[in-house]
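Protein chains: 2
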Amino acid sequence: MSKASDQAYLELRGRILSGDLAPGTQLKEEELAVICGVSRTPVRDAIRRLETELFVRRTDSQRSFVAEWTMEDIEEVFTLRGMLEGYAVRRAATRANKGQIARLSTINEGLRAVLDAPDLDVQAYLAANAQFHSLILEIAASDRLAALLGRLVMQPVVQQTAMAYDREQLARSHLEHTEITAALAQGDPDWAEALMIAHIRRALHARLKPSEAGA
Amino acid sequence: MSKASDQAYLELRGRILSGDLAPGTQLKEEELAVICGVSRTPVRDAIRRLETELFVRRTDSQRSFVAEWTMEDIEEVFTLRGMLEGYAVRRAATRANKGQIARLSTINEGLRAVLDAPDLDVQAYLAANAQFHSLILEIAASDRLAALLGRLVMQPVVQQTAMAYDREQLARSHLEHTEITAALAQGDPDWAEALMIAHIRRALHARLKPSEAGA
DNA sequence: GGAGGCGGGACAGTATACAAATTCCGTCCC
DNA sequence: GGGACGGAATTTGTATACTGTCCCGCCTCC
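Protein sequence lines, in the order shown, are assigned to chains L and D. Here our numbering is used: the first residue of the first sequence is 375, the next is one more, and so on. Here our numbering is used: the first residue of the second sequence is 375, the next is one more, and so on.
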């Protein structure tokens with residue numbers, strides 16, 4: 375969508391992720407319109423979008439609230455994401471060409487560079503990680519799968535997860551990417567899927583109990 | 375949403391399913407507003423909704439078209455639905471109480487009644503079938519899973535599938551429901567999941583090649 | 001005669017005013 | 001004192017007018 379609509383969306387999502395709009399807060403269109411500097415129309419669009427991405431919950435009487443995340447919610451999102459990304463990488467295994475594998479490797483080398491840097495740049499890590507996963511999704515070549523995964527974005531969760539990672543865990547994550555790339559190069563869907571599920575599961579446990587996940 | 379918005383949504387979805395709005399047709403807000411007897415605002419909402427449900431595709435320049443379904447698309451939707459409904463029934467297996475199992479049985483007996491009737495009422499079959507699957511989703515008690523599955527609705531596909539079923543296949547489908555109910559009563563997630571995946575897979579093949587699916 | 005730019009029309013985006021619905025609070029009656 | 005009814009205020013839904021952008025065809029210039 376165009377300017378105002380995007381602006382409202384980004385503004386609101388940012389405020390939800392930052393906790394500025396706390397879970398449980400009611401989202402009032404007029405109020406948000408003022409905050410975003412646009413009219414209610416694009417704000418409505420933005421709220422609808424956030425709703426489909428599960429950032430926002432709607433009551434039966436059409437009032438919107440910032441979604442609240444329980445532990446179960448988080449675990450469930452990781453499980454669902456594991457299933458869907460597992461399927462994606464399975465498809466990718468039988469579709470990837472040499473050029474795409476090479477691009478995956480390049481992205482993953484970028485990840486290593488971030489790890490080898492003296493100061494850990496978590497934002498750079500997140501960006502490269504997102505690139506890796508979305509390239510796999512692209513290779514899987516399934517609009518519908520992409521649409522579903524797009525709605526499980528869970529930026530809040532991924533972001534907090536990466537924050538919870540220490541350098542060793544990030545290195546492990548990098549290694550897992552390397553293995554996934556190898557599985558794709560081999561064209562082995564079973565291997566690729568298993569690795570991906572493990573990769574995502576470990577992220578879950580790192581998220582839940584940072585201290586034990588690397589053990 | 376409220377009256378006008380729902381009306382537009384139902385009207386448009388109906389016309390897409392019936393083929394009145396053929397795949398590839400451009401959806402022009404103003405034109406549709408006239409058809410639905412409402413203004414552009416609720417039509418826009420409806421188009422957005424249909425877009426998230428993948429009934430409608432949007433170009434980069436924000437023009438909307440009725441989605442076109444290839445064989446691959448159909449197979450893929452069945453696969454994804456199998457994964458997600460398989461997960462749902464797995465969750466349901468460890469959560470269902472006696473009352474819920476009883477309700478599943480009741481719904482399924484309704485299905486049998488439809489089958490035993492002299493004239494096959496496909497609409498009644500579809501309604502009871504939808505009830506069965508949505509009760510399982512309710513038992514699974516996962517908002518996010520429900521949201522994802524809700525967006526894979528594929529009414530067009532399910533509808534055409536049921537049309538392609540003959541009475542024997544419907545009876546087989548009914549039997550599968552009975553078995554799924556039994557698996558839930560036993561609280562056996564593996565069994566339940568396997569049955570559900572098989573159930574959905576068979577529907578796929580009935581859809582693709584009606585004549586051979588019952589073999 | 002072809003290619004590139006210019007202009008008009010069609011369509012989506014945004015703002016705003018008005019309508020419907022829901023919630024919340026106060027009052028009145030039991 | 002509590003509950004229910006009613007109305008006012010708050011919030012969302014809908015209509016409509018206006019604005020901006022994109023597409024397409026035409027015309028000019030090379």
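C-beta atoms are modelled at their ideal positions from N, C-alpha and C, and glycine is treated no differently.
Q) Taking the Cβ atom as the reference point for each residue, do LEU454(D) and ALA420(D) lie within a distance shorter than 7 Å? A) Going by C-beta atoms, LEU454(D) is not nearer than 7 Å to ALA420(D).
Q) beta strand (DSSP E) containing VAL463(D): first to last residue? A) Bounds of any beta strand (DSSP E) do not take in VAL463(D); it lies within the alpha helix (DSSP H) bounded by 445-467.
Q | Closest by C-alpha distance to ALA470(L), when choosing among LEU511(L), ASN503(L), GLN436(L) and ARG486(L) | A | The shortest Cα separation from ALA470(L) among LEU511(L), ASN503(L), GLN436(L) and ARG486(L) belongs to LEU511(L).
**Q.** C-beta neighbour in chain L for ARG518(D), strict 7 Å
**A.** Chain L places a beta carbon closer than 7 Å to that of ARG518(D), counting this residue as a contact.
Q. From ASP490(D), ASP447(D), GLY473(D) and THR552(D), pick the residue whose C-alpha is nearest to that of SER516(L); which is it?
A. Answer by Cα proximity: ASP447(D).
Q: Report all residues from its chain with a CB closer than 8 Å to the CB of ARG525(L); omit the five preceding and five following residues, and keep chain order.
A: Cβ within range, chain order: THR426, GLU427 and LEU428.
Q: Please classify SER445(D): is it buried, with 16 or more other beta-carbons within 10 angstroms of its beta-carbon, or exposed?
A: Note that residue 445(D) is Met in the sequence shown, not Ser. MET445(D) comes out exposed.
Q: Please compile the residues from chain L whose C-beta is within a distance smaller than 7 Å of the C-beta of ARG422(D).
A: For a Cβ distance threshold of 7 Å, residue set ARG422 of chain L lies close to ARG422(D), ordered along the chain.
Q. Should the stretch 555-575 of chain L be called in touch with the stretch 466-480 of chain L, which here means at least 3 C-beta pairs below 8 Å?
A. Using a Cβ-Cβ distance cut-off of 8 Å, the stretch 555-575 of chain L and the stretch 466-480 of chain L are in contact, since at least three pairs of beta carbons, one from each stretch, lie closer than that value.
**Q.** Reference ASP345(D), options LEU569(L), ALA498(L) and SER376(L), closest by Cα
**A.** Lying before the first or after the last residue shown, residue 345(D) is absent from chain D, which here runs from 375 to 589.
**Q.** Per-residue DSSP class, three states only, for VAL428(L)
**A.** Per the sequence shown, the amino acid found at residue 428(L) is Leu instead of Val. In this structure, DSSP gives LEU428(L) a state outside helix and strand, which the three-state scheme calls coil.
Q: Give a yes or no on whether the C-beta atoms belonging to MET570(D) and VAL463(D) are separated by under 7 Å.
A: One thing to note: MET570(D) has its Cβ within 7 Å of the Cβ of VAL463(D).
Q: Can you tell me which of GLU442(L), SER413(L), GLY460(L) and VAL417(L) puts its alpha carbon nearest to the alpha carbon of ARG518(D)?
A: The closest CA to that of ARG518(D), considering only GLU442(L), SER413(L), GLY460(L) and VAL417(L), is found on GLU442(L).
Q | Near-chain L residues of the stretch 425-437 of chain D - C-beta to any C-beta below 9 Å | A | THR426, LEU428, ARG431 and GLN436: these are the residues of the stretch 425-437 of chain D whose beta carbon lies less than 9 Å from some beta carbon of chain L, given in chain order.
Q. Whose C-beta lies closer than 6 Å to the C-beta of LEU582(L) among residues of the same chain, with five residues either side of it excluded?
A. Nothing meets the Cβ criterion.
Q: Kindly indicate if chain D contains any beta-carbon less than 7 Å away from that of LEU478(L).
A: Cβ-Cβ to chain D under 7 Å: no for LEU478(L).
Q) Nearest to GLN505(D) by CA position, among ALA407(D), THR399(D), ARG477(D) and GLU450(D), is which residue? A) Taking only the C-alpha atoms, the option nearest GLN505(D) is ARG477(D).
Q. Given a limit of 8 Å on CB to CB distance, which residues of the stretch 452-468 of chain L reach chain D?
A. If the cut-off is 8 Å between Cβ atoms, the stretch 452-468 of chain L has THR453, LEU454, MET457, LEU458 and TYR461 near chain D.
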